[in-house]
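The structure under discussion appears below in the form of structure tokens.
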Amino acid sequence: MSLSSSLNAGVMGLNVNSAKLATISNNVANSSTPGYKRVEATFSSLVLQQRRNAYAAGGVRVDTTKLVNERGSLVTTGSSTDISIGGQGMLPVTDTAGVNQPAGSRSLFFTPTGDFAVDQNGLLVSSTGLHLMGWPADANGDVGGVSRRSGANLEPVNVNLSLFSAQPTTEIELGVNVPAVDTQNDGSGDSYQLPIEYFDNLGKIQTLNATFTPVVADPGDPPTNQWQVAFEDQGAVPAAAVGSLTVTFNDTPTAGGSINTVAASGGASYSTATGKVTLTLASGPVDIDIGEPGNLSGLTQLSTDFSPGTINKNGSPLGEFSSIEIDSLGSLEAVYDTGFRRVLYQIPVAMVPNLNGLTPVGGQSYTVSQESGDFFLWDAGDGPTGNTVGFSQMESTADIGTEMTELIKTQRAYASNAKLIQVIDEVLQETTNIIR
Numbered sequence: 004m005s006l007s008s009s010l011n012a013g014v015m016g017l018n019v020n021s022a023k024l025a026t027i028s029n030n031v032a033n034s035s036t037p038g039y040k041r042v043e044a045t046f047s048s049l050v051l052q053q054r055r056n057a058y059a060a061g062g063v064r065v066d067t068t069k070l071v072n073e074r075g076s077l078v079t080t081g082s083s084t085d086i087s088i089g090g091q092g093m094l095p096v097t098d099t100a101g102v103n104q105p106a107g108s109r110s111l112f113f114t115p116t117g118d119f120a121v122d123q124n125g126l127l128v129s130s131t132g133l134h135l136m137g138w139p140a141d142a143n144g145d146v147g148g149v150s151r152r153s154g155a156n157l158e159p160v161n162v163n164l165s166l167f168s169a170q171p172t173t174e175i176e177l178g179v180n181v182p183a184v185d186t187q188n189d190g191s192g193d194s195y196q197l198p199i200e201y202f203d204n205l206g207k208i209q210t211l212n213a214t215f216t217p218v219v220a221d222p223g224d225p226p227t228n229q230w231q232v233a234f235e236d237q238g239a240v241p242a243a244a245v246g247s248l249t250v251t252f253n254d255t256p257t258a259g260g261s262i263n264t265v266a267a268s269g270g271a272s273y274s275t276a277t278g279k280v281t282l283t284l285a286s287g288p289v290d291i292d293i294g295e296p297g298n299l300s301g302l303t304q305l306s307t308d309f310s311p312g313t314i315n316k317n318g319s320p321l322g323e324f325s326s327i328e329i330d331s332l333g334s335l336e337a338v339y340d341t342g343f344r345r346v347l348y349q350i351p352v353a354m355v356p357n358l359n360g361l362t363p364v365g366g367q368s369y370t371v372s373q374e375s376g377d378f379f380l381w382d383a384g385d386g387p388t389g390n391t392v393g394f395s396q397m398e399s400t401a402d403i404g405t406e407m408t409e410l411i412k413t414q415r416a417y418a419s420n421a422k423l424i425q426v427i428d429e430v431l432q433e434t435t436n437i438i439r
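Residue numbering for the sequence shown follows the numbering used here, beginning at 4 and increasing consecutively.
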């Protein structure tokens, strides 16, 4: 009984060390594969029920585990669409078959890194055929309410939908000083013209004319400190008046030069809470920040010349798609040749309770299993996940030095088990010779 158990234990030793040699071979072969997670073989003894005056060798068993939770170093590349996770977590991807399938039927995989590039259809796909997935963003960069425990709202990233972009102007910041002396009783009453450029909804540059006219005091009266401001939209065909303001300024010691009251008419409206005038232009509504009452920003009336100090606006002209970049929070942006940037997708980071329980499916991608638990889609950098890192790939976690050391140990163990079988064979041969 003990000899046969010894022989079985030796055979088991050969088998488990063969399995470890296979894991070492795989690790060495993939030591330069980006995103590869090394496989570890662990041994555990098998114990048989023992009798008092005899011992039976139970043998050994092997368990292999892909250490998905280990993180490789990030190396810088020259491509903005080479994306990695700077910490725990995975990027959501799908295969080629899943691109044209509905969300409910699409296969969802996860990968720690990808050398994504734009294919002929505008999709971001890696060299292993994995298509990057994300939540599409609206014009403001928001993704709204999305499912974080399923891929129902995820879509393959497609940049062909954003080859051109134009952002209309919706906000203008206006900082202008009007001369205080012009509202005195000896003022000339001359108007000042201020052209304000803005972008319409086609990306074309249009002009909004603002005319500042002082209200001159009657002879012998004090300054009125009052101005008429008329707005005319040159983007309308024909040009059209879109509103006017009557602005009265303070002349008190503490608030001199700041806005006191604003009366809007002709389609314009003014909010004392925000200091903004709302006009309806041919391309849509625009808010012009002229300042709140009592605040020396926006419109002022001081003893100096007419001077437009600040004219800022949002929006952008028509631009052609130039490149794709991702920031640390997972916002995938299209960069246009005008310098304008627009968020196209939000790339979430997937996390499961047990990363080592994920099932590998090839190409450094994985699927969830019963051992891994269900996934949750986090915003990059939130919870237990790391940030998204562009211009980078994750190195393999297999180290050649470590694997070579394990190879020597495994070779010795294999040879020892083979020697054990040889010795047991010789002992059995001697036992057989007894009856001759």
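Beta carbons are placed, not taken as given, at the ideal position from N, Cα and C, and that holds for glycine.
Could you check where the alpha helix (DSSP H) with Arg344 kicks off and where it finishes?
-> Taking the first residue of the sequence shown as position 1, residue 344 is located at position 341. Per DSSP, Arg344 belongs to no alpha helix (DSSP H); it is in the beta strand (DSSP E), 344 to 349.
Inside the segment 162 to 215 only - beta strand (DSSP E) runs reaching at least 3 residues:
Assignment of beta strand (DSSP E) within the segment 162 to 215, counting only whole runs of 3 or more residues, yields 167 to 170, 174 to 182, 195 to 202 in chain order.
Specify the secondary structure class of Gln229 as computed by DSSP and reduced to three states. As a working mapping, residue 229 is identified with position 226 in the sequence shown. In the three-state reduction of the DSSP assignment, Gln229 falls in the strand class, which pools E and B.
Worksheet item: Taking the DSSP output, what are the residues bridged to Leu157?
Response: The residue labelled residue 157 in the question sits at position 154 within the sequence shown. None; Leu157 has no bridge partner.
Counted within 10 angstroms of its Cβ, other Cβ atoms place Asp292 as buried (16 or more) or exposed
Walking along the sequence shown from the start, residue 292 turns up at place 289. Classification for Asp292: buried.
- Secondary structure, beta strand (DSSP E): runs of 3+ residues fully inside the segment 71 to 139: Qualifying beta strand (DSSP E) stretches, in chain order: 77 to 79, 85 to 89, 94 to 97, 112 to 114, 116 to 118, 134 to 139.
Skipping 5 residues on each side, what residues in its chain have a beta carbon closer than 7 Å to that of Leu111?
Counting from 1 along the sequence shown, the entry for residue 111 is found at position 108. Setting aside the 5 residues that flank it on each side, Leu111 is surrounded in the same chain by Pro95, Thr97, Gly154, each with a C-beta closer than 7 Å to its C-beta; the list follows chain order.
Checking the sheet assignment: what are the DSSP bridge partners for Lys279?
Within the sequence shown, the letter at position 276 stands for residue 279. Per the DSSP secondary-structure output, Lys279 pairs in a beta bridge with Ser274, Asp292.
- Message: For Tyr369, list the residues DSSP reports as bridge partners.
- Response: Position 366 of the sequence shown, counted from the first residue, corresponds to residue 369. Beta-bridge annotation (DSSP): Tyr369 is paired with Phe113, Pro363.
task = Return the CA-CA distance between Ala60 and Asp66, expressed in angstroms with no decimal places.
result = Within the sequence shown, numbered from 1, the residue matching residue 60 stands at position 57. Within the sequence shown, numbered from 1, the residue matching residue 66 stands at position 63. It is roughly 19 Å from the alpha-carbon of Ala60 to the alpha-carbon of Asp66.
Exercise. Nearest CA to the CA of Asp340: which residue from Ser325, Gly333, Tyr348?
Worked result: On the sequence shown, residue 340 is found 337 positions in, with the first residue counted as 1. Of the candidates Ser325, Gly333, Tyr348, the one whose C-alpha sits nearest the C-alpha of Asp340 is Ser325.
query = Are the CB atoms of Gly322 and Phe167 nearer to each other than 8 Å?
reply = Position 319 of the sequence shown, counted from the start, is the residue given in the question as residue 322. Position 164 of the sequence shown, counted from the start, is the residue given in the question as residue 167. Cβ distance < 8 Å, so Gly322 and Phe167 count as in contact.
- prompt: Where Ala244 and Thr210 are concerned, what is the direct C-alpha to C-alpha distance, given to the nearest angstrom?
  reply: As a working note, residue 244 is residue 241 in the sequence shown. As a working note, residue 210 is residue 207 in the sequence shown. Cα-Cα distance, rounded: 12 Å.
Using the Cα positions of Ala507 and Asn188, report the straight-line distance between them to the nearest angstrom.
In this structure the chain extends from 4 to 439, so residue 507 is not present and cannot be described.
How many Å lie between Val179 and Thr173 at the Cα? As a first step, residue 179 must be located in the sequence shown, where it is residue number 176. As a first step, residue 173 must be located in the sequence shown, where it is residue number 170. The straight-line gap from Cα to Cα measures roughly 19 Å.
*asked:* Measuring only the C-alpha atoms, how far is Val346 from Glu73?
replied: Your numbering for residue 346 matches position 343 in the sequence shown. Your numbering for residue 73 matches position 70 in the sequence shown. Rounded to the nearest angstrom, the two C-alpha atoms are 31 Å apart.
Member of Glu235, Gly287, Ser268, Val250 whose CA lies at the smallest distance from the CA of Leu205: Position 202 of the sequence shown, counted from the first residue, corresponds to residue 205. Closest option to Leu205, Cα to Cα, is Gly287.
Taking Cβ positions, are Thr444 and Thr227 nearer each other than 8 Å?
Residue 444 lies beyond the range of the chain shown here (4 to 439); nothing can be said about it.
ask   = Under the three-state reduction of DSSP, which class applies to Val65: helix, strand or coil?
value = Taking the first residue of the sequence shown as 1, we reach residue 65 at position 62. If DSSP states are grouped into helix, strand and coil, Val65 belongs with the strands.
**Asked** Out of Ser8, Phe202, Gly147, which has the shortest C-alpha to C-alpha gap to Phe343?
**Response** Reading the sequence shown from its first residue, position 340 is the one you call residue 343. Ranking Ser8, Phe202, Gly147 by Cα distance to Phe343 puts Phe202 first.
_For Val392 and Val265, I'd like the C-alpha separation in whole angstroms._
Numbered from its first residue, the sequence shown carries residue 392 at position 389. Numbered from its first residue, the sequence shown carries residue 265 at position 262. Going by the C-alpha atoms only, they are around 49 Å apart.
Give the single residue among Gly147, Val42, Tyr273 whose Cα lies nearest to the Cα of Gly294.
Within the sequence shown, residue 294 is the residue found at index 291, counting from 1. If we check each option's Cα against that of Gly294, Tyr273 comes out closest.
Just the C-alpha distance for Ser372 and Ile327, rounded to the nearest angstrom, thanks.
Mapped onto the sequence shown, residue 372 falls at position 369. Mapped onto the sequence shown, residue 327 falls at position 324. Using only the alpha carbons, I get a separation of about 33 Å.
**Prompt:** Which value, in whole angstroms, describes the spacing of the CA atoms of Val250 and Met354?
**Reply:** Residue numbering aside, residue 250 sits at position 247 when the sequence shown is read from its first letter. Residue numbering aside, residue 354 sits at position 351 when the sequence shown is read from its first letter. In a straight line, the C-alpha of Val250 is about 57 Å away from that of Met354.
For Ser375 and Asn390, believed in contact at Cβ under 8 Å, the rounded distance:
On the sequence shown, residue 390 is found 387 positions in, with the first residue counted as 1. On the sequence shown, residue 375 is found 372 positions in, with the first residue counted as 1. Not quite, the Cβ-Cβ distance comes to about 22 Å (not below 8 Å), so this is no contact.
*asked:* Considering Cα atoms alone, identify which of Glu176, Asp308, His134, Gln237 is closest to Ser194.
replied: As a working note, residue 194 is residue 191 in the sequence shown. For Ser194, the closest alpha carbon among the candidates Glu176, Asp308, His134, Gln237 is that of Asp308.
Please report the distance separating the alpha-carbon of Asn253 from that of Gln231. In the sequence shown, residue 253 corresponds to position 250, counting from 1. In the sequence shown, residue 231 corresponds to position 228, counting from 1. Whole-angstrom Cα-Cα distance: 15 Å.
**Asked** At what residues does the alpha helix (DSSP H) containing Ala421 begin and finish?
**Response** Walking along the sequence shown from the start, residue 421 turns up at place 418. For Ala421, the uninterrupted alpha helix (DSSP H) segment begins and ends at 403 to 436.
Next item on the list: Out of Thr216, Ala337, Arg109, Val184, point me to the one whose CA is closest to Gln196's CA.
Entry: Here the question's residue 196 lines up with position 193 in the sequence shown. Comparing C-alpha distances from Gln196 to each of Thr216, Ala337, Arg109, Val184 shows the shortest one belongs to Thr216.
- request: List the DSSP bridge partners of Gln237.
  value: Your numbering for residue 237 matches position 234 in the sequence shown. The partner list for Gln237 (beta bridge, DSSP) is empty, contrary to what the question assumes.
Please work out which residues of its chain come closer than 6 Å, Cβ to Cβ, to Ala271, disregarding the five sequence neighbours upstream and downstream, and give them in chain order.
-> Within the sequence shown, the letter at position 268 stands for residue 271. For Ala271, where only same-chain residues beyond five positions count, the Cβ hits under 6 Å are Gly246, Val280, Leu282.
I'd like to check one pair, Gly318 with Pro182: are the Cβ atoms closer than 8 Å? For the purposes of this step, residue 182 is taken as residue 179 along the sequence shown, with counting starting at 1. For the purposes of this step, residue 318 is taken as residue 315 along the sequence shown, with counting starting at 1. Their beta carbons are not under 8 Å apart, which means Pro182 does not touch Gly318 by this criterion.
> For Thr277, which of Thr257, Asn298, Ala258, Ser268 has the nearest alpha-carbon?
Replying inline: Locating residue 277 in the sequence shown gives position 274, where the first residue counts as 1. Closest option to Thr277, Cα to Cα, is Asn298.
Requested in this report: Pick helix, strand or coil for Ala383, following the three-state DSSP scheme.
Outcome: Indexing the sequence shown from 1 puts residue 383 at position 380. Of the three classes helix, strand and coil, the one that applies to Ala383 here is coil, per DSSP.
Q. Can you give the beta carbon distance from Ser395 to Thr26, rounded, assuming they're within the 8 Å contact cut?
A. Here residue 395 is taken as the residue at index 392 of the sequence shown, counted from 1. Here residue 26 is taken as the residue at index 23 of the sequence shown, counted from 1. Rounded to the nearest angstrom, the Cβ distance from Ser395 to Thr26 is 27 Å, too far for a contact under 8 Å.
For Leu93, does the count of other Cβ atoms within 10 angstroms reach 16, so buried, or fall short, so exposed? For the purposes of this step, residue 93 is identified with residue 90 of the sequence shown, where counting begins at 1. The amino acid occupying residue 93 in the given sequence is Met; Leu does not appear at that position. By the neighbour-count criterion, in which 16 or more other beta carbons inside 10 Å mark a residue as buried, Met93 falls on the buried side.
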